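According to the working numbering, the sequence shown is numbered sequentially starting from 103. Glycine included, every Cβ here is placed at the ideal spot set by N, Cα and C. Computed from a predicted model, the values in this text were never measured in an experiment.
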Amino acid sequence: MNRRKISILGATGSVGTSTLDLVERRSDRFEVIALTAASKVGELADAAIRTSAQLAVINDPALLPELQRRLHGSGCRAATGRDALTEAAAGEAELVMAAIVGCAGLEPVMSAIESGRTVALANKEALVTAGQLMIAAARRAGATILPVDSEHNAIFQCLADNRSCDVAKLVLTASGGPFRSRSREEMAAVTPEEAVAHPNWSMGAKISVDSATMMNKGLELIEAHHLFGVSSDRMEVLVHPQSVIHSMVEYVDGSVLAQLGSPDMRIPIAHALAWPERMETPALKLDLARIGSLSFEAPDLDRFPALRVAREAMEAGSAAPIILNAANEEAVAAFLARQIGFLDIIRTVEEALTRTSATPPHSIAEVIDIDRRARSMAKELMSEMAA
Ligand code: NAD
Ligand code: MG
Numbered sequence: 103m104n105r106r107k108i109s110i111l112g113a114t115g116s117v118g119t120s121t122l123d124l125v126e127r128r129s130d131r132f133e134v135i136a137l138t139a140a141s142k143v144g145e146l147a148d149a150a151i152r153t154s155a156q157l158a159v160i161n162d163p164a165l166l167p168e169l170q171r172r173l174h175g176s177g178c179r180a181a182t183g184r185d186a187l188t189e190a191a192a193g194e195a196e197l198v199m200a201a202i203v204g205c206a207g208l209e210p211v212m213s214a215i216e217s218g219r220t221v222a223l224a225n226k227e228a229l230v231t232a233g234q235l236m237i238a239a240a241r242r243a244g245a246t247i248l249p250v251d252s253e254h255n256a257i258f259q260c261l262a263d264n265r266s267c268d269v270a271k272l273v274l275t276a277s278g279g280p281f282r283s284r285s286r287e288e289m290a291a292v293t294p295e296e297a298v299a300h301p302n303w304s305m306g307a308k309i310s311v312d313s314a315t316m317m318n319k320g321l322e323l324i325e326a327h328h329l330f331g332v333s334s335d336r337m338e339v340l341v342h343p344q345s346v347i348h349s350m351v352e353y354v355d356g357s358v359l360a361q362l363g364s365p366d367m368r369i370p371i372a373h374a375l376a377w378p379e380r381m382e383t384p385a386l387k388l389d390l391a392r393i394g395s396l397s398f399e400a401p402d403l404d405r406f407p408a409l410r411v412a413r414e415a416m417e418a419g420s421a422a423p424i425i426l427n428a429a430n431e432e433a434v435a436a437f438l439a440r441q442i443g444f445l446d447i448i449r450t451v452e453e454a455l456t457r458t459s460a461t462p463p464h465s466i467a468e469v470i471d472i473d474r475r476a477r478s479m480a481k482e483l484m485s486e487m488a489a
């Protein structure tokens, strides 16, 4: 069997290392072409050597000499810069795991799509900011986008060969995050440590904070809208604290299909890596008798306004999702750096949405321009709040 050629963008992150774990267990199935990282040069070099990658790209140019030193004699080329990232995304690999966090991943994802690659997409911010452009580019280039985000992967599996016109609605499940039962007053004082301690999933810091505000579910509604072409009125969020049902599809006849599994990202990642086949994973098998019961509740939009704000941005369309995402990225970074409080995150996002003016973007360059302007607006707002 020919090995599937794969590149991993964001190889040192949570999704990136889970991907490496699966790929390294099955070196008979996968050949690693390129790995990229922002700054964890030691981890990047180790992974590149272990997997015999051809190319390792570090985002921080100051770290290139160290990467070169670590890779010396390994046969793996060290590189930095935009062209190198494009080469990792659109070079020899057939399958590209897009696992960079934030809008920073947008350009390489677009390169992979435009060159017709199969893209396993974890990087939801790319879809949130440029969904329409990405889906149109994928159609033009014949690229396949396989959703890795657990909810979207679940929906993708539940849709299977059914006709999209028979879908009544999508139900995205949400764990509710670490503050599911906290009041607004209690949330005002939470620390970054409490916010990143997710009850079910182990993830990067940014998405963990997004889960705590429930902005993550808001971004996921926008992601689902682009991936599956479903409008806002046919998408629902359901809080399900055990994270066993990863999402559901309701059909016009009243049938509801759900995908279940332990909360381990290696399951949706493996689904995308092996698609249309399946592969084994070391994830715990689901033991429903031990879990005993599953519970559900409606989301509380008063305590978690991010969900409402994100839905409004999706419905407004145009530049609103870009501004939402950019302001959120900046505010989450400021919260993690202890510069603003937890509730200031959504305040910043809402305010940035009303104060940033923009016209609908027609190109990735325009998306990036709106993103940049929304980030500076968010920073300005946060320094006003601090003053
Ligand atoms: P992470 O912070 O653990 O890792 C991010 C990766 O991106 C790292 O390898 C980092 O080096 C790289 N990176 C960061 N900034 C960069 C930049 N400016 N340029 C180039 N590379 C950069 O994040 P994560 O939790 O693995 O999440 C990655 C993406 O997957 C996010 O979009 C997230 O929303 C999505 N996702 C993650 C999970 C999860 O379980 N972690 C689940 C669903 C979706
Ligand atoms: Mg998710």
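Determine which residues share a DSSP beta bridge with residue i and list them.
i, result
"V211", "For V211, which the question treats as bridged, DSSP gives no partner whatsoever."
"M337", "L272"
"P249", "L223"
"Q361", "S349"
"E133", "K107"
"T138", "V159"
Tell me which same chain residues have a C-beta within less than 7 angstroms of the C-beta of residue i, skipping the five on either side of it?
i, result
"K481", "E432"
"D185", "none"
For residue i, collect the residues of the same chain with a Cβ closer than 6 angstroms to its Cβ; drop the 5 residues on either side in sequence, then sort them by chain order.
i, result
"A306", "Contrary to the premise, residue 306 reads as Gly rather than Ala in this sequence. Closer than 6 angstroms at the Cβ level, and outside the excluded window around G306, lie G115, S116 and V203."
"N302", "S277, S345 and P365"
"N161", "A140"
"L248", "A222, A374 and W377"
When the Cα of residue i is compared with those of the options, which residue comes out closest?
i, options, result
"P401", "S176, S313 and N430", "S313"
"L274", "A243, I324 and R284", "I324"
"G285", "L375, A147 and L445", "The sequence as given places Ser at residue 285; Gly does not occur at that position. Among L375, A147 and L445, the Cα nearest to that of S285 belongs to L445."
"S459", "R474, S465 and R449", "R474"
"I309", "V434, T153 and T138", "V434"
"E216", "A206, R242 and V230", "R242"
"P423", "G320, D404, V250 and A239", "G320"
"R477", "P462, R282 and V451", "V451"
"S397", "S334, L362, G218 and P343", "P343"
"I448", "P463, A488, F406 and D268", "F406"
"C205", "Q441, N430, L362 and A113", "N430"
"L150", "V134, V411, L165 and A164", "The question names Leu, yet the displayed sequence has Ala at residue 150. Checked all of V134, V411, L165 and A164; the closest Cα to A150 is V134."
"R128", "G144, A228, M103 and V143", "M103"
"V351", "C260, L340, V250 and E288", "C260"
"P370", "K107, A113, L124 and A147", "L124"
Does DSSP put residue i in a helix, a strand or coil?
i, result
"I434", "Note that residue 434 corresponds to Val in the displayed sequence, not to Ile. Three-state DSSP puts V434 in a helix."
"F444", "helix"
"E379", "coil"
"R413", "helix"
"A181", "strand"
"S485", "helix"
"A408", "helix"
"A201", "coil"
"E468", "helix"
"E399", "strand"
"G112", "coil"
Cβ of residue i less than 8 angstroms from any chain C Cβ?
i, result
"G306", "The structure shown contains no chain C; it holds only a single protein chain."
CB-CB under 8 angstroms to residue i, same chain, minus the five flanking residues each way: which ones, in chain order?
i, result
"Q234", "H328"
"A326", "E253, H254, I257, L272, L274, V332 and M337"
Hey, which residues come within less than 6 angstroms of ligand 2, measuring from Cβ to any heavy atom, in chain order? D251, S252, E253 and E322
Which residues, in chain order, sit with a beta-carbon under 5 angstroms away from any heavy atom of ligand 1? G112, T114, G115, S116, V117, G118, A139, A140, N161, A201, I202, V203, A206, A224, N225, K226, D251, M305, G306, I309 and M367
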